[in-house]
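The following block contains the structure:
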């Protein structure tokens, strides 16, 4: 297997490459490089090489449908060219990867523009984990001279929230970090006038066909607290994160990571459950901020079916 496939797999597995968008980018780029350097002599061998590489990369993390869709798009384009020889297929794979990468980039620009309009002067915004799409929205709002502040979690056990804090402060965005366990209380009205969160904006790693999403563990508690306290919850994500095989949120597998991430030297008989993600039902989500605009969960699914027919 190509060295770039092995390296990309290790980096995704170890979360050196993190975030659904970045994982999808890495998978598309690795498959493009593999195709370009392929020594396959027959169409059958080439197709198997790309398919095997894609399956191997996707096995690094269970909950990454955007990366799955990147690989699926490349294979879809290859399968359309049923009479092409290896040389032609290499070009098809490269063109397909480039198209998908360009689509992701254009989608990000649209999402940033739509999301920036949601940020109002004086807003107090709560976010969770490290979502590059959310950070781009907040940065765009900052550049539009809007005054607002952000509250965010530290995001245990790997503390991805620290990365968010560093980036927001670098951009001059006022930011307050809180322990994960404090977040639902601070979002609620019970916490008093000091916080008064106006909206929650999070990213997501996967979207199911019922409009629900999967995001970093802790998202459910934030969304539930916001819902109960009439604080709008926005999910900023490309519609390409749809898991077309998941009819509902329960159908999306939740990755369970090593207990050592939680407690490296835990007592011998202690059981530790360390899910990487949790599920947010569609009824807790106010709107998605996506490449098609700001849409309710049900309207998002309709737009996906209309615009990404190759996924179905």
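Numbering (the working numbering), first residue to last: 2 to 313.
Beta carbons: idealized from backbone N, C-alpha and C, even for Gly.
Residue 115 - containing beta strand (DSSP E), residue span: Taken as a continuous stretch (DSSP letters only), residue 115 belongs to no beta strand (DSSP E), being part of the alpha helix (DSSP H) at 87–119.
Counted within 10 angstroms of its Cβ, other Cβ atoms place residue 220 as buried (16 or more) or exposed: buried
Top-ranked residue by Cα proximity to residue 205, from 288, 257, 260, 79: 288
Presumed contact (8 Å Cβ cut-off) between residue 55 and residue 41, rounded CB distance: Between residue 41 and residue 55 the Cβ distance is about 15 Å, and since that is not below 8 Å, they are no contact.
Coarse secondary structure for residue 293, derived from DSSP in three states: coil
Close beta carbons around residue 101, own chain, < 6 Å, minus the five adjacent residues each side: 29, 71, 74
Cβ pair count under 8 Å reaching 3, the stretch 59–68 against the stretch 8–16: yes
Residue 202 and residue 156 closer than 8 Å at C-beta: no
Contact the stretch 112–119 vs the stretch 233–246: 3+ CB pairs below 8 Å: yes
Spatial neighbours of residue 78 in its chain, beta-carbon cut-off 7 Å, leaving aside the 5 residues before and after: 93, 97
Distance, residue 18 Cα to residue 27 Cα: 8 Å
Alpha-carbon spacing of residue 52 relative to residue 207, whole angstroms: 22 Å
Backbone CA spacing between residue 299 and residue 269 [nearest angstrom]: 47 Å
Backbone CA spacing between residue 294 and residue 244 [nearest angstrom]: 20 Å
Own chain partners of residue 177 with C-beta closer than 6 Å, once the 5 adjacent residues on each side are dropped: 152
7 Å Cβ shell around residue 190 - same chain, five flanking residues per side excluded: 230
Unbroken alpha helix (DSSP H) run spanning residue 135, endpoints: 133–144
Strand pairing of residue 214, partner residues [DSSP]: 208, 281
Distance, residue 262 Cα to residue 271 Cα: 14 Å
Residue 44 versus residue 89 - alpha carbon distance: 10 Å
8 Å Cβ cutoff met for residue 138 and residue 237: yes
Run of the beta strand (DSSP E) containing residue 223, from where it starts to where it stops: Run containing residue 223: none in the beta strand (DSSP E); it sits in the alpha helix (DSSP H), 220–229.
For residue 253 and residue 215, believed in contact at Cβ under 8 Å, the rounded distance: 5 Å
Backbone CA spacing between residue 125 and residue 301 [nearest angstrom]: 26 Å
Identity of the residues DSSP links to residue 237 by a beta bridge: 290
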